[in-house]
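Input: a single structure, listed below in structure tokens.
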Amino acid sequence: MSDAGEEANGAPEAPAGEVARGAGFAVAPGTAKRPGVLVAMPFDRALLARFKDNFPTARWRRKLRRWFVPGTTAEQRADAWIAREISALDAYGDDKGRDAYAFEPLESPYLAAGPDALVVRTPYSRLVVDTLRTIPFAAWAPEIRAWRVPWRSYEALKEAWPVIEEAAAANEPAARRARREAARDPAAEAERRRRRHPVPRSDPPPLGAAVEVAEAGVVVFEALDDAPIAETGALAHYPAITAPGPLVWGWWRMPSFGEIAETVPAAAADMPGRGWWPATRAGLAERLRRLRETARAQETRAAKARGKQAAAEPGPR
1 MSDAGEEANG APEAPAGEVA RGAGFAVAPG TAKRPGVLVA MPFDRALLAR
51 FKDNFPTARW RRKLRRWFVP GTTAEQRADA WIAREISALD AYGDDKGRDA
101 YAFEPLESPY LAAGPDALVV RTPYSRLVVD TLRTIPFAAW APEIRAWRVP
151 WRSYEALKEA WPVIEEAAAA NEPAARRARR EAARDPAAEA ERRRRRHPVP
201 RSDPPPLGAA VEVAEAGVVV FEALDDAPIA ETGALAHYPA ITAPGPLVWG
251 WWRMPSFGEI AETVPAAAAD MPGRGWWPAT RAGLAERLRR LRETARAQET
301 RAAKARGKQA AAEPGPR
């Protein structure tokens with residue numbers, strides 16, 4: 001019996017996390033060890049041939065009676081293909097969505113109506129991304145840095161739109177700046193600029209290695225004081241430290257790209273109450289992102305300075 005023919009023998013229990021896409025299609029996530037998606041679809045020889053043409057690396061999972069499409073972008077690719085197939089199956093789906101939009105349009109600066117799809121473009125928000133992923137056939141379009149939602153999914157988008165719009169507005173640059181200003185603590189900022197951190201004298205961090213602290217993220221300690229901390233008022237800026245015994249100041253700096261790359265991430269923060277712990281994967285990723293932002297800003301400033309210098313120099317006579 002062929003792999004495809006096994007579809008006729010009944011369907012097994014749906015995999016965890018499977019989401020129906022309509023018209024007999026469904027998608028379920030793969031595993032952390034094997035990124036990808038499991039695709040269920042109606043049995044049709046012509047449909048199966050088109051699927052194999054689009055996904056030559058897909059493999060049939062006999063026990064699940066589903067096709068496994070490998071890759072970190074498998075979900076987006078599978079959704080885009082399914083959307084095209086359903087479009088052919090339901091030739092009037094997009095027309096219905098356009099009619100619904102014309103009757104009750106969504107008006108928002110984050111939404112534009114295109115001839116083939118609705119285009120959603122918002123400031124980055126994890127909630128927006130997670131919500132759009134629940135919309136059938138919505139797909140990220142990197143060439144325009146926006147999400148495309150086919151017209152046939154307009155009703156689903158309209159239902160989820162209040163969540164999307166609220167999250168997008170909350171992540172506008174002005175809104176983020178306002179939250180930072182509201183949470184700003186000048187005394188804490190001045191303390192952080194001193195690049196010191198209290199650590200237990202009996203359990204200090206290793207010098208010269210990237211470790212993580214709650215207040216500054218991933219840092220590298222370069223020196224430790226011998227005497228216990230006398231400025232007990234300064235310890236109010238480090239409320240997470242609950243380690244017993246005397247504390248001393250540890251003096252830190254930002255890690256380099258090389259130090260980040262050489263650090264083996266810890267599975268989780270162990271003993272955060274002592275003030276430091278081995279750097280985690282999330283902490284290293286955040287520090288790497290900020291280092292890249294700083295490097296880009298420095299390159300931009302240097303390029304502007306070179307441009308001004310070149311403009312100020314007299315040309316050849």
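Quick note on numbering: the sequence shown equals residues 1 to 317 in the UniProt record's numbering. Note that CB positions come from ideal geometry on N, CA and C, so glycine has one too.
Taking three-plus beta-carbon pairs below 8 Å as touching, is the region 112-123 in contact with the region 66-74? No, the region 112-123 does not touch the region 66-74.
Considering only C-alpha positions, which residue in the set G250, R201, A188 and R21 is nearest to A234? Within the sequence shown, residue 234 is the residue found at index 234, counting from 1. Of the candidates G250, R201, A188 and R21, A188 places its Cα closest to the Cα of A234.
For E212: DSSP bridge partner residues: As a first step, residue 212 is located in the sequence shown; it is residue number 212 there, counting from the start. DSSP links E212 through a beta bridge to V218 and W277.
For a test of the three-state rule: what should DSSP assign to V264, helix, strand or coil? For the purposes of this step, residue 264 is taken as the residue at position 264 of the sequence shown. Of the three classes helix, strand and coil, the one that applies to V264 here is coil, per DSSP.
Exposed unless 16 or more other CB atoms sit within 10 angstroms - verdict on F257: Translated into positions along the sequence shown, residue 257 becomes position 257. So F257 counts as exposed.
Could you spell out where the beta strand (DSSP E) holding P29 opens and where it closes? The sequence position of residue 29 within the sequence shown is 29, counting from 1. Element bounds for P29: F25 to P29.
Under DSSP, the beta strand (DSSP E) around L247 begins and ends at which residues? Position 247 of the sequence shown, counted from the first residue, corresponds to residue 247. In the DSSP assignment, L247 falls within the beta strand (DSSP E) that extends over L247 to R253.
Go through its chain and collect everything with a Cβ distance to E122's Cβ below 6 Å, but skip five positions before and after it. Sequence index remark: in the sequence shown, residue 122 carries index 122 (1-based). Checking the sequence, you will find Thr at residue 122 rather than Glu. Within the same chain, Cβ atoms closer than 6 Å to the Cβ of T122 are found at Y110, V128 and A168, the five residues on either side in sequence being excluded.
Between A156 and R148, which are expected to be in contact by the criterion C-beta below 8 Å, what is the C-beta distance as a whole number of angstroms? One-based indexing of the sequence shown puts residue 156 at position 156. One-based indexing of the sequence shown puts residue 148 at position 148. That belief does not hold up - the Cβ atoms of A156 and R148 are roughly 14 Å apart, past 8 Å.
Measure the beta-carbon distance from R290 to P265 and round it to whole angstroms, keeping in mind my assumption that it falls under 8 Å. Translated into the one-based positions of the sequence shown, residue 290 becomes position 290. Translated into the one-based positions of the sequence shown, residue 265 becomes position 265. In fact, because the Cβ distance is near 16 Å, the residues do not count as touching under 8 Å.
I need the boundaries of the beta strand (DSSP E) containing R148, first residue and last residue. Numbered from 1 along the sequence shown, position 148 holds the residue referred to as residue 148. Per DSSP, R148 belongs to the beta strand (DSSP E) from A146 to P150.
Taking contact to mean at least 3 C-beta pairs separated by less than 8 Å, is the region 295-309 in contact with the region 243-254? The region 295-309 vs the region 243-254: no contact.
Less than 8 Å separating the beta-carbons of P15 and L38? By 1-based counting over the sequence shown, the position of residue 15 is 15. By 1-based counting over the sequence shown, the position of residue 38 is 38. A contact, by the Cβ cut-off of 8 Å.
So, do the region 169-182 and the region 131-146 have three or more beta carbon pairs nearer to each other than 8 Å? Judged by pairs of C-beta atoms under 8 Å, the region 169-182 does not touch the region 131-146, as fewer than three such pairs exist.
Which of the three DSSP states is assigned to L111 in this structure? Taking the first residue of the sequence shown as 1, we reach residue 111 at position 111. Of the three classes helix, strand and coil, the one that applies to L111 here is strand, per DSSP.
Please look up how many angstroms separate the CB atoms of G208 and G283, rounded, as I've assumed it's under 8 Å. Within the sequence shown, numbered from 1, the residue matching residue 208 stands at position 208. Within the sequence shown, numbered from 1, the residue matching residue 283 stands at position 283. About 17 Å separates the two Cβ atoms, so there is no contact after all.
Candidates G93, A40, A267 and A113, of which the one nearest R61 by Cα: The residue labelled residue 61 in the question sits at position 61 within the sequence shown. Shortest Cα-Cα distance from R61 to any of G93, A40, A267 and A113 involves A40.
CA nearest to the CA of P292, picked from E262, P278, M254 and G275: For the purposes of this step, residue 292 is taken as the residue at position 292 of the sequence shown. Sequence inspection shows Arg at residue 292; the Pro mentioned does not correspond to that position. Answer by Cα proximity: M254.
Where do the ends of the alpha helix (DSSP H) carrying P173 lie? On the sequence shown, residue 173 is found 173 positions in, with the first residue counted as 1. Segment P173 to A182, the alpha helix (DSSP H) holding P173.
Rounded to a whole number of angstroms, what is the C-alpha to C-alpha distance between A26 and S125? Counting from 1 along the sequence shown, the entry for residue 26 is found at position 26. Counting from 1 along the sequence shown, the entry for residue 125 is found at position 125. Rounded to the nearest angstrom, the gap between the Cα atoms of A26 and S125 is 26 Å.
Can you name the start and end residues of the beta strand (DSSP E) that G36 belongs to? The residue given as residue 36 occupies position 36 in the sequence shown. For G36, the enclosing beta strand (DSSP E) has its first and last residue at G36 to A40.
Inspect the CB distances between the region 69-89 and the region 101-109 and report whether three or more fall short of 8 Å. Judged by Cβ distances under 8 Å, the region 69-89 makes no contact with the region 101-109, as fewer than three pairs qualify.
Taking buried to mean at least 16 other C-beta atoms within 10 Å of its own C-beta, is E191 buried or exposed? Indexing the sequence shown from 1 puts residue 191 at position 191. By the 10 Å Cβ count, E191 comes out buried.
Let's see if you can read the secondary structure: which residues bound the beta strand (DSSP E) around L118? Here the question's residue 118 lines up with position 118 in the sequence shown. Counted as a single uninterrupted DSSP element, the beta strand (DSSP E) harbouring L118 occupies residues A117 to V120.
Length of the line joining the Cα atoms of H237 and R201: As a first step, residue 237 is located in the sequence shown; it is residue number 237 there, counting from the start. As a first step, residue 201 is located in the sequence shown; it is residue number 201 there, counting from the start. Taking the straight line from one Cα to the other gives about 19 Å.
With DSSP run on the structure shown, which of helix, strand or coil describes A230? To locate residue 230, count along the sequence shown from 1; it is residue 230. In the three-state reduction of the DSSP assignment, A230 falls in the coil class.
Residues that DSSP places opposite W140 in a beta bridge: Along the sequence shown, one-based indexing puts residue 140 at 140. Answer is W147.
How many whole angstroms separate the CB atoms of A243 and D203, which I take to be in contact at a CB cut-off of 8 Å? Position 243 of the sequence shown holds residue 243. Position 203 of the sequence shown holds residue 203. With a contact defined as Cβ atoms closer than 8 Å, A243 and D203 qualify at about 7 Å.
Taking the beta strand (DSSP E) that A20 falls in, what are its first and last residues? Your numbering for residue 20 matches position 20 in the sequence shown. First-last of the beta strand (DSSP E) with A20: V19 to G22.
Beta-carbon within less than 8 Å of E222's beta-carbon, same chain only, minus the 5 sequence neighbours each way: which residues are those? To locate residue 222, count along the sequence shown from 1; it is residue 222. Excluding residues within five positions, the ones whose Cβ falls inside 8 Å are L207, G208, W251, W252 and R253.
Take A58 as the anchor and find which of P42, D44 and R77 has the nearest alpha-carbon. As a first step, residue 58 must be located in the sequence shown, where it is residue number 58. Checked all of P42, D44 and R77; the closest Cα to A58 is R77.
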